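Chains as they are written, first to last, in my numbering: chain A, 146 to 260; chain B, 63 to 173. Take a look at the structure below.
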Amino acid sequence: DTEVTQTPKHLVMGMTNKKSLKCEQHMGHRAMYWYKQKAKKPPELMFVYSYEKLSINESVPSRFSPECPNSSLLNLHLHALQPEDSALYLCASSHPGTGNFYGYTFGSGTRLTVV
Amino acid sequence: KNEVEQSPQNLTAQEGEFITINCSYSVGISALHWLQQHPGGGIVSLFMLSSGKKKHGRLIATINIQEKHSSLHITASHPRDSAVYICAVKGSGGGADGLTFGKGTHLIIQP
Numbered sequence: 146d147t148e149v150t151q152t153p154k155h156l157v158m159g160m161t162n163k164k165s166l167k168c169e170q171h172m173g174h175r176a177m178y179w180y181k182q183k184a185k186k187p188p189e190l191m192f193v194y195s196y197e198k199l200s201i202n203e204s205v206p207s208r209f210s211p212e213c214p215n216s217s218l219l220n221l222h223l224h225a226l227q228p229e230d231s232a233l234y235l236c237a238s239s240h241p242g243t244g245n246f247y248g249y250t251f252g253s254g255t256r257l258t259v260v
Numbered sequence: 063k064n065e066v067e068q069s070p071q072n073l074t075a076q077e078g079e080f081i082t083i084n085c086s087y088s089v090g091i092s093a094l095h096w097l098q099q100h101p102g103g104g105i106v107s108l109f110m111l112s113s114g115k116k117k118h119g120r121l122i123a124t125i126n127i128q129e130k131h132s133s134l135h136i137t138a139s140h141p142r143d144s145a146v147y148i149c150a151v152k153g154s155g156g157g158a159d160g161l162t163f164g165k166g167t168h169l170i171i172q173p
């Protein structure tokens, strides 16, 4: 299995809702990432987990809450979002080192619309 | 912080033409990625390079570490190649960190 699977593919939520995005990989990668991509812009890093521990938080508002319950699964919990948070949310995974084995792989993303 | 520059930003070509997209970066890296994104779609990794040249079908990617420059070539271009092509680099330190992305090249191949 060489894929990163993200669910759901599309999500519409109100500003008072609580929802979660899910990301799963079975490649044995021990680093997992959340990126946010606005239309016509490159992705922006949000969070990095390395060996199931949060290693990078790029000053993301607390209405986004990441969770890494095990080495294969990464969640992003959403609460009280604003319409400007509407974007494509991309998950990626890799071996946490460098070199040919690090295998950075992207999921296909969750397109989030906040209404 | 690495600065990643891509050129051109937009490119329109006729089917069958040879396409070149360039990427330069400012600081040493451990790896460079070429990524493809269709409108409204997710990101597909085309190549990861740390040296030399790679080929996959009609796509060729090269990197010159000394000059901090990479190119993506598409031979016999086809309308289905129309997409945004993004160059992204990983820093030379070990461990897990995010990629630094270029702004992308919007490619349109006309029939």
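Idealized CB from N, CA, C, for every residue including glycine. Remember, it's a predicted structure, so these values are computed and weren't measured experimentally.
- Proximity to A:H224 across A:H240, A:G159, A:H171 and A:T150 peaks at A:G159, based on C-alpha coordinates.
- Take the alpha-carbon of A:L257 and the one of A:S231: they are about 5 Å apart.
- Per DSSP, A:L199 is one residue of the beta strand (DSSP E) stretching across K198 to N202.
- Nearest C-alpha to B:S113 among B:S92, B:L121 and B:A138: B:S92.
- Residues are counted here when their Cβ sits less than 7 Å from a Cβ of chain B; for the region 183-211 of chain A these are P187, P188, L190, V193, S195, S200 and I201, given in chain order.
- Along the region 96-128 of chain B, going in chain order, the ones with a CB nearer than 8 Å to a CB of chain A are L97, G102, G103, G104, I105, V106, S107, M110 and S112.
- Secondary-structure assignment with DSSP links B:I127 through no beta bridge to anything.
- Assignment of A:P188 by DSSP, reduced to helix, strand and coil, places it in the coil class.
- Taking 8 Å as the CB threshold, B:G164 lines the interface with chain A.
- Per the coordinates, the alpha-carbon of B:K152 lies some 5 Å from the alpha-carbon of B:L161.
- With a beta-carbon spacing of about 7 Å, A:S238 and A:M172 fall inside the 8 Å limit used to define contacts.
- Neighbourhood of B:L161 in chain A, by CB distance below 9 Å: Y178, Y180, P188, L190, A237 and Y249, in chain order.
- The C-beta of A:G252 comes closer than 8 Å to at least one C-beta of chain B.
- Under the three-state reduction of DSSP output, B:R142 falls in the helix class.
- Restricted to the region 87-122 of chain B, the beta strand (DSSP E) segments that are unbroken, complete and at least 3 residues in length are 91-99, 105-111 and 114-118, listed in chain order.
- Under the 8 Å criterion on CB atoms, A:P241 is classed as interfacial with respect to chain B.
- The C-alpha of B:I83 lies about 44 Å from the C-alpha of A:T161.
- For A:F209, the enclosing beta strand (DSSP E) stretches over residues F209 to N215.
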